[in-house]
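Numbering-wise, the sequence shown is residues 303 to 1006 according to my numbering. Backbone N, C-alpha and C define an ideal beta-carbon position, used for all residues, glycine too.
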Amino acid sequence: MSDAQAPTVHKRTCHICEANCGVLVEVEGREILSIRGNPDHVLSRGHICPKATALADLQNDPDRLRRPVKKVDGEWQEIGWEQAYSEIAAKVAALAEHGKRIGVYKGNPTAHNYSITTQFRDLRKALGETTDYSASTLDQIPHQIVQMWMYGHNALFPIADIDRTRTMLIVGGNPLASNGSVWTVPDVKKRIEALQARGGRLITIDPRRTETAKIADEHHFIRPGTDPAFFIALLLSMDEAGLVDPGRLAPMLDSGWEGAWAALRAFGIADLSAHCRIEEAAIRALAAELAGEGPGIVYGRIGVSVQDFGTLNLWLIQLLNIATGSLDAEGGMMFSNPPVDIVANTGRGSYDRFRSRIGDHPEALGELPTATLGEEIATPGEGQIRALFTLAGNPVLSAPGGEALDAALESLELIVSIDMYVTATTRHADYILPPCGPLEKDHYPLFLGPIAVRNFACYSQPTLEMEEGAKSDWEIVAEMARAIASAKGQERRNIRTPREALDAMLEAGPHGLDLATVEASEDGIDLGEHEPRFPERLQTPDKKIHCAPELCLEDLHRFAAGLAGETPDTLRLIGRRHVRNNNSWLHNSRRLLKGPERCTAMIHPDDAAPRAISDGDVVTVASRVGAIQLPAEISEDVMPGVISIPHGFGHGRDGVQLSVAGEKPGVSINDLTDPEALDPVSGNAVLNGTPVTVEPMREAVAAE
Ligand SMILES: Nc1nc2c(c(=O)[nH]1)N[C@H]1C(S)=C(S)[C@@H](COP(=O)(O)OP(=O)(O)OC[C@H]3O[C@@H](n4cnc5c(=O)[nH]c(N)nc54)[C@H](O)[C@@H]3O)O[C@H]1N2
Ligand SMILES: Nc1nc2c(c(=O)[nH]1)N[C@H]1C(S)=C(S)[C@@H](COP(=O)(O)OP(=O)(O)OC[C@H]3O[C@@H](n4cnc5c(=O)[nH]c(N)nc54)[C@H](O)[C@@H]3O)O[C@H]1N2
Ligand code: SF4
Ligand SMILES: [Mo]
303 MSDAQAPTVH KRTCHICEAN CGVLVEVEGR EILSIRGNPD HVLSRGHICP
353 KATALADLQN DPDRLRRPVK KVDGEWQEIG WEQAYSEIAA KVAALAEHGK
403 RIGVYKGNPT AHNYSITTQF RDLRKALGET TDYSASTLDQ IPHQIVQMWM
453 YGHNALFPIA DIDRTRTMLI VGGNPLASNG SVWTVPDVKK RIEALQARGG
503 RLITIDPRRT ETAKIADEHH FIRPGTDPAF FIALLLSMDE AGLVDPGRLA
553 PMLDSGWEGA WAALRAFGIA DLSAHCRIEE AAIRALAAEL AGEGPGIVYG
603 RIGVSVQDFG TLNLWLIQLL NIATGSLDAE GGMMFSNPPV DIVANTGRGS
653 YDRFRSRIGD HPEALGELPT ATLGEEIATP GEGQIRALFT LAGNPVLSAP
703 GGEALDAALE SLELIVSIDM YVTATTRHAD YILPPCGPLE KDHYPLFLGP
753 IAVRNFACYS QPTLEMEEGA KSDWEIVAEM ARAIASAKGQ ERRNIRTPRE
803 ALDAMLEAGP HGLDLATVEA SEDGIDLGEH EPRFPERLQT PDKKIHCAPE
853 LCLEDLHRFA AGLAGETPDT LRLIGRRHVR NNNSWLHNSR RLLKGPERCT
903 AMIHPDDAAP RAISDGDVVT VASRVGAIQL PAEISEDVMP GVISIPHGFG
953 HGRDGVQLSV AGEKPGVSIN DLTDPEALDP VSGNAVLNGT PVTVEPMREA
1003 VAAE
């Protein structure tokens, strides 16, 4: 090793969001001097966002736990790893003996952590029969179910080939703030500018004029939760104009293609347009543009998946991309060929093998809807969850009905959280097991490679040596699994380390790489742009695209019923992301926190005026399940009839140990979202479109 005190520059990948930007971290000893974009990184080409520098704040944060803690008489006590493992193992064994059910909740950062993935199965096995939840049912499960039904595998994600397209339609996504989702597309802004420079166009459909909408060529407001109307109207406009042309996909479409059209033709474009509030002429023009010369993409994200008709939306999006011949075509929605093939390494996925005790919801990919977790814990009976393991998740702030879940957690006999902070969720834990600092671990984009705009491989070494006594997430998972297995007297196989597992997966992958080769290229290895891969890549037994999954067709009837009924004239609540926040975490970085208050209720002047609300007034926003108070932000950027509040705030709950975030704790939108509102097909939570009322906060409340 070179002189530890001389400044050195380390290359690594920022793992915070899906963009996976290459960064240059300059360190002197353990001091982080700077974090910059790596201009030579194979995918991000120098791009970073403000969150990259927060890696240093996270690494150095005094609030970040460094040792396992145990709650004793309401106080946190630091304990050793072995004590933590053995006590947890004994408690799990006792729960098992009494037949008590354990729940597991996996949060979003686990998808950015390849090494946990390689060990997680062992923990599940050691725990025995568990009830499983994750952030997937607050996010993208409708994508995966539709992919499983239509293409034969839940992980066959179509990727928007923005670098070669002509028309890009983004519905319910704001990549300028989110940096892209189910789409690893670093520096998306430059890619949009390049699209426009070559004569292409970006169109956005969103109830808010977002950062992305502001650089788009065309934007339309849409009434929250009505996207199926827009998608069906687009399809019917193409049909009427004789523009439907699946091209080379035609022989791969099963008979469901005709069945789908028969069902869609029962709708009328005028009704659909009135329902979603996008003018018929605009829809017809968009349909003609998408189906016209050159490739066109329809891409939908959180705004369409996290709503009442999430699954229906994702199905209709696939039909649109097929109808224009853009699926699996250059410049369209393409399928990747990543060096580690998740499709080959995992099962196709499952649906409705069993149902939830609460609400009788079908299992999807082995999980039950996270929206039901609070009620599941609170409802006595056979199979009731009595203990919970959380892994990098904060469901009290991220799941609907946060307050009820918050209360329910108190009733559990054991909560073990793998997390580095005392959060709104982990404050309920009996044990918190913290992973090492973010710069002390290695990184490989196992789940992000497959959704990237280009095929690539890039492995990051740890930048800093681990602090003494620290452990990586995977070690915690593996060691705890071993302790639990041994307390239960289970046999355990020898486990492979994450690096060994990764090496084996790379070698078995389509590019025949190995870890040593990937490791040697610190800027990453470019494995080329996407190429058409159907029909070979299809995982359906008949190598056809299954165009009309039964439950999607059926859900059209539910949609039609709503279309025919009265539309109540209530305000609808939607979410909002900001480039300087990431879900409920990273709020403890002063450099990210600075600037105006972000946790505001954005409201249109036409809705504010009749309610006598002025900009900055504290308002009460109330829904069926709760009420919160926060400042109003009057803006024409939000559609009339719509209120927008960001998620991830609400750090003011007793016992949370986030001193910087605590200065601007905000309130949680998920104290308003309804845990009983689910997309019935996928079980995804409905976090957009919640009916709410808004009024100025009453004097009496204000005085408290
Ligand atoms: N209303 C509304 N609610 C939403 C959304 C919305 O748009 N609107 N979005 C939803 C979406 S898309 C998602 S993905 C979910 C996210 O929901 P969650 O995954 O439950 O929440 P996060 O805020 O991502 O919490 C991550 C937790 O992991 C910890 N953590 C971070 N990195 C690591 C790590 O490397 N190891 C470990 N062990 N812990 C780590 C953090 O301290 C934090 O406590 O929220 C959902 N909730
Ligand atoms: N800076 C930052 N980046 C992030 C995150 C973060 O919290 N902060 N979170 C990460 C995670 S976990 C995810 S999943 C991704 C999400 O990535 P995106 O999906 O790009 O995230 P959002 O910015 O929430 O965009 C969703 C858009 O849908 C709109 N919308 C709401 N309701 C409706 C509706 O009914 N119909 C339509 N058409 N639109 C609607 C919202 O106004 C919003 O602009 O971002 C990731 N990246
Ligand atoms: S966009 Fe920002 S947070 Fe996301 S990977 Fe890049 S630098 Fe990190
Ligand atoms: Mo997400």
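Rounded to the nearest whole angstrom, the CA to CA distance from residue 534 to residue 459 is 22 angstroms. Look at which beta carbons fall closer than 6 angstroms to any heavy atom of ligand 3; those residues are 316, 318, 319, 321, 322, 323, 350, 351, 353, 354, 481, 488. With a beta-carbon spacing of about 35 angstroms, residue 515 and residue 641 fall beyond the 8 angstroms limit used to define contacts. At least one heavy atom of ligand 1 lies less than 7 angstroms from the C-beta of residue 975.
The Cβ atoms of residue 781 and residue 453 do not sit closer than 8 angstroms to each other. Membership of residue 648 in any beta strand (DSSP E) is not indicated, and neither H nor E is assigned to it by DSSP. Under DSSP, residue 433 shares a beta bridge with 405. Counted as a single uninterrupted DSSP element, the alpha helix (DSSP H) harbouring residue 514 occupies residues 513 to 517. The stretch 940 to 958 makes no contact with the stretch 580 to 595, as fewer than three CB pairs between them are under 8 angstroms. Using a C-beta cut-off of 8 angstroms, the stretch 621 to 641 makes contact with the stretch 464 to 484, since at least three inter-stretch Cβ pairs fall below that distance.
Contact between residue 875 and residue 992 holds: their C-beta atoms lie close to 4 angstroms from each other, under 8 angstroms. Look at residue 459 here: in three-state DSSP terms it is coil, with no helix or strand label. According to DSSP, residue 598 shares a beta bridge with 469.
The continuous stretches of alpha helix (DSSP H) do not include residue 523, and DSSP gives it neither H nor E. For residue 891, the secondary structure class from DSSP, reduced to helix, strand or coil, is coil. Note that the C-beta distance between residue 481 and residue 321 is below 8 angstroms. Residue range 529 to 542 is occupied by the alpha helix (DSSP H) that includes residue 533. Taking 8 angstroms as the cut-off, the Cβ atoms of residue 930 and residue 367 do not count as close. Around the beta carbon of residue 615, 16 or more other beta carbons sit within 10 angstroms, so the residue counts as buried. The bridge partners DSSP lists for residue 636 are 461. Our two residues, residue 971 and residue 727, have alpha carbons roughly 15 angstroms apart in a direct line. When C-beta atoms of the stretch 805 to 824 are compared with those of the stretch 640 to 659, three or more pairs fall below 8 angstroms, so the two segments count as touching. Residue 959 has its CB no nearer than 7 angstroms to any heavy atom of ligand 2. Residues of the same chain with a CB within less than 7 angstroms of the CB of residue 548, apart from the 5 flanking positions on each side, are 555, 624, 625, 627 in chain order. Between the alpha carbons of residue 392 and residue 773 lies a distance of about 21 angstroms.
A straight-line Cα-Cα distance of about 22 angstroms links residue 757 and residue 442.
Judged by DSSP secondary structure, residue 577 falls within the alpha helix (DSSP H) whose first and last residues are 571 to 578.
Counting along the chain, residue 859 sits inside the alpha helix (DSSP H) bounded by residues 852 to 866.
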